[in-house]
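Here the protein sequences come in this chain order: A and B. Going by the numbering used here, the first residue of the first sequence is number 2, and it counts up by one from there. Going by the numbering used here, the first residue of the second sequence is number 409, and it counts up by one from there. Using N, Cα and C, we set each Cβ at its ideal position, and we do this for glycine too. Please read these numbers as outputs of a predicted model, since none were measured by experiment. Notes follow once the structure below has been shown.
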Amino acid sequence: MSKDNRNICESKIFEAIYNAYAKDIRRFLFYKTQDLDKAEDILQEVFIKLWENCNKVDHDKVKSYIYSIANNMFLNEVKHQKVVQNYNKYNKNESTNESPEFIMLEKEFLEKLESTIATLPEKQREVFLMNRIEKKKYKEIALHLDISVKAVEKRMHQALVVIRKEIGDV
Amino acid sequence: MKHQNSHINEETFLAQWLEGNLSDTELKNRISEADYNVYLKLRKGLHTSDKLNASTQHSFNKIQQKIANKKTPIFKLYPVRWSIGIAASIVFLFGLFSILGNNDIIYETNFGETKTITLLDDSQVILNSKSTIVFNENDWKKGRQLTLDGEAYFKVEKGNTFTVNTNNGSVTVLGTQFNVNSTNDFFDVVCYEGKVSVTLESSEHILLPTERIRKINGNPSKSSATQFSKPTWIDGESTFKSVPVRYVITALEDQFNIKIDSESIDDTTVFSGSFPHHNLNVALITVFDALEMKYNKKEKHNIQLRY
């Protein structure tokens with residue numbers, strides 16, 4: 002058939018859309034909320050809404066649709082949060098989750114961090130990724146690469162020094 | 409602590425700290441405040457980046473769960489004519505007082521569409537194209553009963569009797585898997601698992617797995633039918649065994665949203681074979697080449713058959 006009949010209501014298509022955009026949406030929501038759990042929650046709500054409206058959304062426009070849903074849901078969350086905060090202010094002076102040590106992770110910072118890791122010298126990057134992505138302990142990495150634990154730690158340390166230098170002051 | 413710290417030296421302390429073997433305070437004592445702040449942010453950034461790049465499968469499972477729990481999957485109401493609208497409003501108003509409204513639930517599929525539906529008792533129905541099922545939410549508790557027009561595959565949860573009513577007869581089971589196709593005067597039931605009882609106007613039949621009963625022109629005939637474990641249309645292919653070609657034509661029309669003009673051919677010619685759902689041209693070639701019929705497309709969705 003010539004026309005694009007990819008129907009979002011078909012669970013296979015829906016899943017494909019999810020797999021294509023879920024990570025980006027989660028990241029987008031994290032930059033806005035600065036809260037991984039909240040980003041995950043809203044991500045779920047976004048795709049439930051997409052499912053409910055699967056008949057009304059064009060496959061061609063699905064990307065901008067889910068981004069605007071995500072944004073609206075974030076704004077609603079902010080509104081709700083303000084109400085909660087006001088309520089707390091009048092009732093009790095409870096501290097918010099934004100303690101003084103709260104560290105904001107901006108989009109630019111995370112992107113810079115990730116691109117810096119990608120350009121680390123080969124030996125450092127190898128160790129670094131094994132530790133971060135494969136969640137291997139230094140000991141396991143040492144065994145795997147057939148080098149001493151000390152050597153692994155040195156490379157890790159060096160990698161951190163390089164990243165810190167690249168990132169500059171924040 | 410002293411013992412541990414003796415392992416920690418100038419060349420590795422950041423690695424130790426990241427792994428949690430060196431505390432934040434100890435790190436703070438070793439480096440400048442500015443460096444310390446950057447490293448704290450760096451660590452948080454790394455954790456966050458790990459999580460952001462991690463699989464999203466967990467959330468997908470949650471989404472599926474939540475969708476299933478909402479019990480309001482996609483269904484369309486009948487295209488509402490205004491008279492029905494008024495009737496519905498009246499029913500609704502009565503419903504306000506009695507709470508017991510008329511809860512008919514309708515699922516339908518369009519051309520070329522299939523739908524998977526989970527019923528109130530977790531039984532599953534896969535609806536083939538241009539098909540409708542209707543059931544009443546209130547009556548459901550008293551007895552599992554629904555009405556089918558078209559074709560559907562049922563996976564019924566164990567429980568009391570489950571009845572599928574059609575214009576051509578009804579199918580009753582206890583908990584099993586079967587396919588029902590009731591399109592106009594064509595009626596075809598295949599049992600894939602368990603035991604199925606089929607009641608026609610004049611007769612009653614029991615089907616065991618792989619058996620099929622079919623009624624064409626009012627004459628039921630039973631045969632051992634299928635080597636498949638489920639209907640092939642679920643995987644995007646319609647299969648026919650010794651069926652008059654006019655039913656195959658109806659199936660093609662429902663699948664591809666086309667009109668087929670069969671005036672100049674003998675539409676009782678028997679066809680055995682299958683056609684795929686993804687491509688109209690391939691489907692036409694497989695069906696009509698086998699029957700040595702020619703077809704031409706007058707317009708996009710209008711196809712004329714001849715010898």
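So which residues on chain D does residue i lean against when the C-beta distance must stay under 7 Å?
| i | result |
| --- | --- |
| B/E427 | The displayed structure is made up of protein chains A and B, and chain D is not among them. |
Do residue j and residue i count as a contact pair if the criterion is CB distance below 7 Å?
| i | j | result |
| --- | --- | --- |
| B/T464 | A/K24 | yes |
| B/M701 | B/L692 | no |
| A/I164 | A/V153 | no |
| B/T677 | B/L660 | no |
| A/T117 | A/E46 | no |
| B/K667 | B/N710 | yes |
| A/F31 | A/A21 | no |
| B/L608 | B/G558 | no |
| B/T580 | B/S611 | no |
| B/T555 | B/N573 | yes |
| A/K33 | A/F75 | yes |
| A/L37 | B/K470 | no |
| B/E516 | B/T540 | yes |
| B/K549 | A/I104 | no |
| B/V690 | B/V656 | no |
| B/D662 | B/K538 | yes |
Please confirm whether residue i has its beta-carbon closer than 7 Å to some beta-carbon of chain A.
| i | result |
| --- | --- |
| B/A423 | yes |
| B/G577 | no |
| B/S457 | yes |
| B/F368 | Given that chain B is displayed from residue 409 to residue 715, the structure contains no residue 368 of chain B and the question cannot be resolved. |
| B/G408 | Limits of chain B in this structure are 409 at one end and 715 at the other, which puts residue 408 of chain B out of reach. |
| B/K449 | yes |
| B/E419 | yes |
| B/I514 | no |
| B/I534 | no |
| B/L660 | no |
| B/F483 | Bear in mind that the predicted position of B/F483 carries a pLDDT of just 47, short of 50, making it unreliable; the figure below should be weighed with that in mind. Judged by the 7 Å Cβ criterion, B/F483 is not in contact with chain A. |
| B/L582 | no |
| B/V604 | no |
Per the DSSP calculation, residue i is bridged to which residue(s)?
| i | result |
| --- | --- |
| B/F586 | B/F562, B/C599 |
| B/Q532 | B/T526, B/K563 |
| B/K705 | B/I711 |
| B/Y515 | B/I541 |
| B/R451 | Its beta-bridge partners do not exist; DSSP assigns none. |
| B/F648 | B/G681 |
| B/R620 | B/V598, B/S631 |
| B/R552 | B/F570 |
| B/T640 | DSSP lists no partner for B/T640. |
| B/H613 | B/V606 |
| B/G577 | B/T574 |
| B/D557 | B/T540 |
| B/Y591 | Here residue 591 of chain B turns out to be Thr, not Tyr, going by the sequence shown. The partner list for B/T591 (beta bridge, DSSP) reads B/F594. |
| B/D669 | B/Q712 |
Since residue i and residue j are thought to touch, with beta carbons under 8 Å apart, how far apart are those beta carbons, to the nearest angstrom?
| i | j | result |
| --- | --- | --- |
| B/Q553 | B/T571 | 5 Å |
| B/F595 | B/K623 | 4 Å |
| B/S467 | A/L44 | 6 Å |
| B/T526 | A/K151 | Contact doesn't hold; Cβ gap of about 58 Å is too wide. |
| B/T524 | B/I514 | Their Cβ separation, rounded to whole angstroms, is 16 Å, which puts B/T524 and B/I514 out of contact at 8 Å. |
| A/H60 | A/I9 | 6 Å |
| B/I494 | A/I49 | The Cβ separation is near 34 Å, so there is no contact. |
| B/V653 | B/F679 | 5 Å |
| B/A630 | B/H613 | Inspection of the sequence shows that residue 630 of chain B is occupied by Lys rather than by Ala. The Cβ separation is near 6 Å, so the contact holds. |
When you compare the CB of residue i with every CB in chain B, is at least one pair closer than 7 Å?
| i | result |
| --- | --- |
| A/E99 | At A/E99 the pLDDT is 47, less than 50, meaning the model places this residue with poor confidence and gives no usable figure here. |
| A/K155 | yes |
| A/K33 | no |
| A/K24 | yes |
| A/E95 | At A/E95 the pLDDT is 46, less than 50, meaning the model places this residue with poor confidence and gives no usable figure here. |
| A/R28 | yes |
| A/L114 | yes |
| A/F48 | yes |
| A/I148 | no |
| A/L144 | no |
| A/Y19 | yes |
| A/Q125 | no |
| A/H158 | yes |
| A/E41 | yes |
| A/R165 | yes |
| A/L44 | yes |
| A/R133 | yes |
| A/K4 | At A/K4 the pLDDT is 44, less than 50, meaning the model places this residue with poor confidence; the figure from the coordinates comes in the next sentence. Judged by the 7 Å Cβ criterion, A/K4 is not in contact with chain B. |
| A/I104 | yes |
- [ ] Say whether the segment 609 to 626 of chain B touches the segment 641 to 648 of chain B, bearing in mind that this needs 3 or more beta-carbon pairs closer than 8 Å, one atom from each stretch.
- [x] As far as the Cβ criterion goes, the segment 609 to 626 of chain B does not touch the segment 641 to 648 of chain B, which means the pair count is below three.
- [ ] State whether the segment 427 to 439 of chain B contacts the segment 104 to 122 of chain A, with contact taken as three or more CB pairs (one from each stretch) at a distance under 8 Å.
- [x] No, the segment 427 to 439 of chain B is not in contact with the segment 104 to 122 of chain A.
Open item on the list: Using 8 Å as the cut-off, can you tell me whether the segment 558 to 578 of chain B makes contact with the segment 595 to 615 of chain B, which would need three or more C-beta pairs spanning the two stretches below that distance?
Closed with: Enough Cβ pairs lie closer than 8 Å, so yes.
Task: Sufficient close CB pairs (3 or more, under 8 Å) joining the segment 127 to 134 of chain A to the segment 54 to 68 of chain A - done: Cβ pair count under 8 Å is below three, so no.
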